[in-house]
Structures are given as C-alpha cells and as structure tokens.
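Its first residue numbered 5, the sequence shown is counted upward by one per residue in our numbering. Glycine included, C-beta positions come from ideal geometry on N, C-alpha and C.
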Amino acid sequence: MRRDLGGHLPLHYAAWDATFAERGLTCPMEFLIRHNGKPTDRIVALYNAEFSQALDIKKFTEDKEHRTYLLLDQAQPIEPVAALARRYHGHLPMAVVSGSNRANVERALRAAGLWALFPVVLTADDGLPPKPAPDLFLEAARRIQVEPRDCQVFEDADAGLEAARCAGMLATDVRFIVGEPAL
Numbered sequence: 005m006r007r008d009l010g011g012h013l014p015l016h017y018a019a020w021d022a023t024f025a026e027r028g029l030t031c032p033m034e035f036l037i038r039h040n041g042k043p044t045d046r047i048v049a050l051y052n053a054e055f056s057q058a059l060d061i062k063k064f065t066e067d068k069e070h071r072t073y074l075l076l077d078q079a080q081p082i083e084p085v086a087a088l089a090r091r092y093h094g095h096l097p098m099a100v101v102s103g104s105n106r107a108n109v110e111r112a113l114r115a116a117g118l119w120a121l122f123p124v125v126l127t128a129d130d131g132l133p134p135k136p137a138p139d140l141f142l143e144a145a146r147r148i149q150v151e152p153r154d155c156q157v158f159e160d161a162d163a164g165l166e167a168a169r170c171a172g173m174l175a176t177d178v179r180f181i182v183g184e185p186a187l
C-alpha cells in the first residue's frame, strides 16, 4: 500500500477510483502513480488527453476532492518518516509542502497526529506554481528561515522529487523506505 507522510495516498486512490467508477470509467493505477503529486485538475486533463475522454475537469476535480476529504480521517502515516518528524519537532525547523488543498492536508495530518509538528504548511491553495516547479519548496525554506541547500525533503512523488531538486534541496524518495519503488 502506497503511503505518504500524512497517510493519505491510499485514500486519494480510493477517491480516484470511486470518482471514475461513478462515470462508468476506470483509471490504471500506473497512470495515477505516474502523475502523483500533480494537481487534480491537471491529472484529469492528462487523463482526458491520454485516454481520449472529455471529462468536465472542474466537476470531476470537485467530486474527487470531496470524496478524498471524507476519507481523510482514516489517514495512517509512513511511520519511519513520521517518527523523524516527531523526533526533530522543536529541534529543527520543519514544513509540509503538498500539492493537495489545505483542507485535505490539515485533515490528513490531524488524523495521523502530525498537524501540531509543522508550523509551516504550504498547499495548492497558496497560489504558487505546483510541483514539479520548485516554488512551494523555496517558499517553505524562506518561511522556516533555512537556505534551500540545507533542506532535506521527504517525497512520495516524482513531481515532488523534481521540484525539490530544482530548488537545490536534498530529496529522499520515501517510496523506497516502505519498499514501494517508483514505476
């Protein structure tokens, strides 16, 4: 089972499946994994292009995000990464950077018992270009007052790994921590 720090990846996948199923469609897991970390509306546009569909991007995105929100109270974190966050809370400045919206990120982190550990949380709602652009990571570094070259990023998506590297940060692919290599 694929997971991220806040434990919401499996829940996102369940929401994707239900939203596609409601429309009589399926989506290959490989497609979702390949585009993990990108904004939902962008993934829907890519799905339309790749699978010759004409889904209403705005409506699909709203439906999928609502389904995700309803599931997020079940979030379970990647424990080795969560343990690092708990261990270094108050000793090292830390932030969360997510391509999800703020409501979903907060709900997942609260459900996983991690919300209080992060004084800085940046999401898709902050108006910066999404991953793989480095902007969200650079803004997080600025807010926690750490030079980008001194930041360590734990990421679960290719887009996030690229964004961290473009920001000049050291990036760890957490998919390997739990034995889930990227496809």
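What did DSSP end up calling residue i once you bin it into helix, strand or coil?
i    : result
D8   : Residue placement at D8 is poorly supported in this model, since its pLDDT is 46, which falls under 50; the coordinates are not used for a value here.
A2   : Lying before the first or after the last residue shown, residue 2 is absent from the chain, which here runs from 5 to 187.
A161 : coil
D177 : strand
Q149 : coil
Q57  : coil
Y17  : helix
Q78  : helix
Residues in its own chain within less than 6 Å of residue i by CB, not counting five upstream and five downstream?
i    : result
V157 : A168, M173, A175
A53  : none
For residue i, which residues of its own chain have a beta-carbon under 8 Å away from its beta-carbon, when the five flanking residues on both sides are left out?
i    : result
H39  : R46, I47, L50, A163
A137 : A167, C170
L142 : P152, A171
I181 : I82, P84, V85
E110 : W119, V125
Rounded to whole angstroms, what is the Cα-Cα separation between residue i and residue j?
i    : j    : result
L126 : A22  : 27 Å
G4   : L121 : Residue 4 lies beyond the range of the chain shown here (5 to 187); nothing can be said about it.
R106 : T65  : 15 Å
S56  : G41  : 22 Å
L76  : A112 : 5 Å
W20  : K68  : 6 Å
M33  : L88  : 29 Å
P97  : C155 : 9 Å
G103 : G131 : 11 Å
Q80  : N108 : 14 Å
R90  : A58  : 44 Å
Under 7 Å Cβ to Cβ from residue i, same chain only, skipping five residues before and after it: list those, please.
i    : result
L165 : E159, A175, D177
P185 : Confidence is the limiting factor: at P185 the pLDDT is only 44, short of 50, which leaves the residue's position unreliable, though a coordinate-based value still follows. Excluding sequence neighbours, P185 sits near R179.
H16  : T72
Going by the beta-carbon positions, is the gap between residue i and residue j smaller than 8 Å?
i    : j    : result
A86  : I148 : no
Q78  : A115 : yes
A128 : P43  : yes
L101 : A161 : According to the sequence shown, residue 101 is Val rather than Leu. Cβ distance not < 8 Å, so V101 and A161 don't count as in contact.
Where in the stretch 92-143 do unbroken runs of the alpha helix (DSSP H), each at least 4 residues long, occur, reported from the N-terminal end onward?
Counting only runs of 4 or more, we get 106-115.
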